[in-house]
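Numbering (this note's numbering), first residue to last: 4 to 428.
Idealized CB from N, CA, C, for every residue including glycine.
All values derive from a computational prediction rather than experimental measurement.
Here's the structure, in structure tokens; my notes come after.
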Ligand code: GDP
Ligand code: IMO
Ligand code: MG
């Protein structure tokens, strides 16, 4: 049971990158298992802030091996850009990175199709990140995808790209989009393939062996439980399972290897893109959270929708994922709010419930409990007993409501601003 899984408990951007990095000193291996460059995981060490899209966040710790697992969809051009940007800032990760041979590639037509399909959806657009994620998983599920193993066979890869592009251009034209010309991107793609080929390996075998040797492994989830393809607010979801099941299938690690399931949750809620969000506050409270929490997308820069913490949704996510502990982030953003609200039930069609609805979520109206706020600056705190009493009360209510202990509290974006919470607190 040497594996820890870490996932988002809400609609993404909970602070997973920050927490993974903070846990990095106690890890041997960090694995991304699903999603792709739609993720934007922010890590701040000292004064330097970095946003990682494909490279696992704990790799900023110089001893940690990073794995891009079989369940990830990888845009090789983005990956190389990210490696170069890190190297330029003095962080060398390339030799410690393994790219799973079974991971599927995101290629230029996937981004073009993502964009064209969003335009075709019109008012029903999902608000995707346009990183080609949905189309890449479509190809994977349809058995038309190109796994990363092809990067090691340049001639066959080039031919396959040309052949596939003919099909994809038919689709692009049918959607009213411009066809792509392989000559404009193939030379660059082949250069990137040559660079990445030595990194391509059997990540599943590597992880199984490491687990048997008792290596400390963390699976870094992307997106969040409520964006899960099966359990999220479909169709306003991403195209992978951000659920625990996706973290296992996307790494190849067996369920019994996982000892801890850490869910990262913000002390309030945010969402980017369209879809139901019962506690969304479109007024001054939401505006204040966005401003103080710098709630603008790490990948797209879009303003995030903001609202109060939703215990009904968090309990559902905790139960479906078998969460063993919660890491609570961004409580410092609530500092100064005279009253802090938690949504502890919904009213759906006039009936009060604490069960998280499926299709009826868009009709759910939040029922709030109000709590006294606090004015102490949390950002210097390193001791959980010293956290303000009002915050302790709020945390207790979250624990009772979700049925999960809060074991970590993040009090700021920096790696060291992380408080281990003693059970007595
Ligand atoms: P992720 O996608 O879950 O990794 O989250 P993002 O990086 O997209 O968004 C989280 C944002 O909150 C980033 O800007 C982090 O630097 C920041 N952050 C993380 N934890 C804290 C915290 O406890 N307090 C504050 N103020 N910011 C935090
Ligand atoms: P991290 O890992 C927040 C959202 C998009 C959109 C929907 C589908 O940083 O938490 P997609 O491009 O995946 O097809 O978009 O999912 N989304 C995210 N929202 N954080 C993310 O990742 C997200 N990845 C995708 O905004 O609503
Ligand atoms: Mg993010």
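Supposed contact pair residue j and residue i - C-beta distance, whole angstroms, cut 8 Å
i	j	result
residue 189	residue 172	Not a contact, Cβ separation roughly 14 Å.
residue 39	residue 94	With 8 Å as the limit, residue 39 and residue 94 do not qualify as a contact, their Cβ atoms being about 21 Å apart.
residue 381	residue 330	Actually they are not in contact, since the Cβ atoms of residue 381 and residue 330 sit about 15 Å apart, beyond 8 Å.
residue 32	residue 213	6 Å
residue 376	residue 336	Actually they do not touch by this definition, with Cβ atoms about 12 Å apart.
residue 161	residue 193	6 Å
residue 260	residue 4	6 Å
residue 315	residue 264	Not confirmed; about 20 Å, so no contact.
residue 310	residue 283	4 Å
residue 69	residue 99	6 Å
residue 227	residue 17	6 Å
residue 136	residue 276	With 8 Å as the limit, residue 136 and residue 276 do not qualify as a contact, their Cβ atoms being about 12 Å apart.
residue 243	residue 140	6 Å
Coarse secondary structure for residue i, derived from DSSP in three states
i	result
residue 260	helix
residue 333	coil
residue 220	strand
residue 431	Nothing can be reported for residue 431: it is not among the residues displayed for the chain, which extend from 4 to 428.
residue 237	coil
residue 277	coil
residue 36	coil
residue 191	helix
residue 413	strand
residue 265	strand
residue 102	strand
residue 340	coil
residue 164	helix
residue 10	strand
residue 432	Nothing can be reported for residue 432: it is not among the residues displayed for the chain, which extend from 4 to 428.
residue 300	coil
residue 96	coil
residue 17	coil
residue 391	coil
residue 138	helix
residue 22	helix
For residue i: DSSP bridge partner residues
i	result
residue 312	345
residue 319	Bridge partners of residue 319: none, in fact.
residue 52	47
residue 108	77
residue 356	349
residue 368	350
residue 204	103
residue 125	Answer is none; residue 125 lacks a bridge partner.
residue 271	311
residue 70	34, 101
residue 150	107
residue 375	342
Buried or exposed by the 16-neighbour rule on C-beta atoms within 10 Å, applied to residue i
i	result
residue 216	exposed
residue 285	exposed
residue 421	buried
residue 258	exposed
residue 158	exposed
residue 15	buried
residue 299	exposed
residue 423	exposed
residue 419	exposed
residue 147	exposed
residue 120	buried
residue 373	exposed
residue 238	exposed
residue 399	exposed
residue 278	buried
residue 74	buried
residue 72	buried
residue 342	exposed
residue 267	buried
residue 179	exposed
residue 196	buried
residue 181	exposed
residue 388	exposed
residue 366	exposed
residue 427	Because residue 427 sits at a pLDDT of 48, beneath the cut-off of 50, its placement in the model cannot be relied upon, and the following sentence gives the value as read from the coordinates. It is exposed - the Cβ of residue 427 has fewer than 16 other Cβ atoms within 10 Å.
residue 169	exposed
residue 138	buried
residue 25	buried
residue 378	exposed
heavy atom of ligand 5 below 8 Å from residue i C-beta
i	result
residue 156	What this structure holds is ligand 1, ligand 2 and ligand 3, not ligand 5.
Using a strict less-than 5 Å threshold between each residue's beta carbon and the heavy atoms of ligand 3, what residues do you get? 16, 43, 301
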